[in-house]
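Q:
In the working numbering, the protein residues as written are 2 to 314.
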């Protein structure tokens with residue numbers, strides 16, 4: 002008896018390995034899957050400016066990573082005593098402008114180094130809707146807490162999205178671009194508005210796949226909508242995937258993205274990290290001392306076999 006519809010996913014023609022720098026950029030879903038790789042010690046960076054949702058903001062972030070143009074006082078905006086820029090998520094905001102710039106530019110420099118070396122860029126598109134700041138005419142990544150009257154809401158068509166992203170793909174022709182549509186629903190647009198937005202992104206991705214041989218699609222949206230067609234796979238807000246759903250989509254991703262050796266290494270690391278995180282009730286017992294010694298030996302053996310991977314917490 003088959004109790005779910007299964008999404009067929011093609012194997013990646015080029016596989017992600019522990020020697021492959023990876024950039025994740027886009028919606029919260031990019032952070033969810035990207036963090037799974039970080040936890041398993043892949044050389045990845047996830048959203049160096051914080052989460053962003055619309056294609057234009059994602060493209061602007063990629064451009065900044067390429068040029069490594071540092072943020073300066075001219076980029077700053079202040080709202081409710083917090084300094085930030087329209088390129089950053091609110092998690093970067095800081096009451097001290099200098100501290101904000103230091104942290105923002107540290108993240109930019111780190112992202113730039115990964116961007117130069119990466120062979121995989123994984124983009125999670127969240128919505129076709131965007132907000133244009135009326136005074137500067139720029140589409141922003143985050144409105145922060147500025148007045149809604151300061152912005153114009155715009156819908157980026159499939160053709161506009163294709164044009165926006167094709168410029169970035171052309172700049173990195175040696176990369177494998179993995180595009181996905183976030184399964185997180187933007188309910189403020191309503192059920193119909195959310196579907197229009199997602200469908201628009203899917204059409205744009207299809208156009209990009211037809212245009213570029215190095216552009217691929219990972220069906221996270223379809224997995225959530227069809228394979229996991231049940232509210233038990235959603236968080237309490239009924240909009241975001243639950244931890245169980247994220248773990249399931251992660252498994253589907255790793256099955257097609259990794260070669261056999263990478264899957265083996267990832268599994269070893271997962272066991273070691275789980276053991277490292279173990280907190281005993283009584284650390285002075287002989288059994289725990291033996292456990293610690295065995296774990297230390299496992300880490301040493303692993304580091305000898307894979308010196309390029311740092312598994313220390």
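For every residue, glycine included, the Cβ atom is placed at its ideal position computed from N, Cα and C.
Let me check one thing: in DSSP terms, what residues is residue 125 bridge-paired to?
A: As a position in the chain shown, residue 125 is number 124, starting the count at 1. DSSP, once it has assigned bridges, lists 27, 181 as partnering residue 125.
Q: Mind the definition here: the region 165 to 179 touches the region 99 to 114 only if three or more C-beta pairs lie below 8 angstroms; say whether that holds.
A: Counting Cβ pairs under 8 angstroms, fewer than three are found: no touch.
Q: Looking only at its own chain, which residues have a Cβ that is under 8 angstroms from the Cβ of residue 289, when we skip the five neighbours before and after it?
A: Here residue 289 refers to the residue found at position 288 when the chain shown is read from its first residue. Counting only Cβ-Cβ distances below 8 angstroms, and skipping sequence neighbours, we find 281, 283.
Q: If you check the beta carbons only, do residue 153 and residue 173 fall under 8 angstroms apart?
A: Residue mapping note: residue 153 aligns to position 152 of the chain shown, counting from 1. Residue mapping note: residue 173 aligns to position 172 of the chain shown, counting from 1. Contact: no.
Q: Along the beta strand (DSSP E) that carries residue 155, what are the first and last residues, could you check?
A: Against the chain shown, residue 155 aligns to sequence position 154. Counting along the chain, the beta strand (DSSP E) containing residue 155 begins and ends at 152 to 156.
Q: Would residue 182 and residue 126 be called neighbours here (beta carbons separated by less than 8 angstroms)?
A: Walking along the chain shown from the start, residue 182 turns up at place 181. Walking along the chain shown from the start, residue 126 turns up at place 125. Yes, Cβ-Cβ distance for residue 182 and residue 126 is below 8 angstroms.
Q: Spatial neighbours of residue 133 within its chain, please: CB distance less than 6 angstroms, with the 5 preceding and 5 following residues excluded, ordered by chain position.
A: Numbered from its first residue, the chain shown carries residue 133 at position 132. Closer than 6 angstroms at Cβ, skipping near neighbours: 140, 153, 155.
Q: For residue 85, write down the residues that DSSP places opposite it in a beta bridge.
A: Within the chain shown, numbered from 1, the residue matching residue 85 stands at position 84. Answer by DSSP bridge pairing, in chain order: 78.
Q: How many Å lie between residue 71 and residue 295 at the Cα?
A: By 1-based counting over the chain shown, the position of residue 71 is 70. By 1-based counting over the chain shown, the position of residue 295 is 294. Going from the Cα of residue 71 to the Cα of residue 295 covers about 46 angstroms.
Q: Measuring only the C-alpha atoms, how far is residue 108 from residue 4?
A: Counting from 1 along the chain shown, the entry for residue 108 is found at position 107. Counting from 1 along the chain shown, the entry for residue 4 is found at position 3. Cα to Cα, the separation comes out at about 45 angstroms.
Q: Going by the CB atoms, is the gap between residue 44 and residue 23 shorter than 8 angstroms?
A: Counting from 1 along the chain shown, the entry for residue 23 is found at position 22. Counting from 1 along the chain shown, the entry for residue 44 is found at position 43. Contact flag set, yes.
Q: Closest to residue 119 by CA distance: which of 305, 15, 10, 244 is it?
A: Along the chain shown, one-based indexing puts residue 119 at 118. Comparing Cα-Cα distances from residue 119 to each of 305, 15, 10, 244, the minimum goes to 15.
Q: For residue 105, does the three-state DSSP call read helix, strand or coil?
A: The count along the chain shown starts at 1 and reaches residue 105 at position 104. Correct three-state label for residue 105: helix.
Q: Suppose contacts are defined by Cβ-Cβ distances below 8 angstroms. Is residue 201 in contact with residue 158 by that definition?
A: On the chain shown, position 200 is the one that residue 201 refers to. On the chain shown, position 157 is the one that residue 158 refers to. Cβ distance < 8 angstroms, so residue 201 and residue 158 count as in contact.
Q: Can you check the region 232 to 299 for any alpha helix (DSSP H) of at least 4 residues that lies completely inside it and give the ranges in chain order?
A: Listed in chain order, they are 244 to 258, 261 to 277.
Q: Flag this pair as yes or no: are the beta carbons of residue 224 and residue 30 separated by less than 8 angstroms?
A: Stepping through the chain shown from its first residue, residue 224 is reached at position 223. Stepping through the chain shown from its first residue, residue 30 is reached at position 29. Result no, Cβ atoms of residue 224 and residue 30 do not sit closer than 8 angstroms.
Q: Which value, in whole angstroms, describes the spacing of the CA atoms of residue 299 and residue 273?
A: Translated into the one-based positions of the chain shown, residue 299 becomes position 298. Translated into the one-based positions of the chain shown, residue 273 becomes position 272. Roughly 8 angstroms separates the two Cα atoms.
Q: Since residue 312 is in the alpha helix (DSSP H), which residue starts that stretch and which ends it?
A: The residue given as residue 312 occupies position 311 in the chain shown. Premise fails: residue 312 is in no alpha helix (DSSP H) and is neither H nor E.
Q: In angstroms, rounded to a whole number, what distance separates the CA positions of residue 175 and residue 291?
A: On the chain shown, residue 175 is found 174 positions in, with the first residue counted as 1. On the chain shown, residue 291 is found 290 positions in, with the first residue counted as 1. The alpha-carbon atoms of residue 175 and residue 291 are separated by roughly 48 angstroms.
Q: Between the alpha carbons of residue 278 and residue 312, how many angstroms are there, rounded?
A: Translated into the one-based positions of the chain shown, residue 278 becomes position 277. Translated into the one-based positions of the chain shown, residue 312 becomes position 311. Their backbone Cα atoms lie some 12 angstroms apart in a straight line.
Q: With a cut-off of 8 angstroms, do at least 3 Cβ pairs link the region 88 to 100 to the region 59 to 77?
A: These segments touch.
Q: Between which two residues does the beta strand (DSSP E) containing residue 187 stretch?
A: Along the chain shown, one-based indexing puts residue 187 at 186. It is not in any beta strand (DSSP E) - residue 187 carries neither H nor E in the DSSP assignment.
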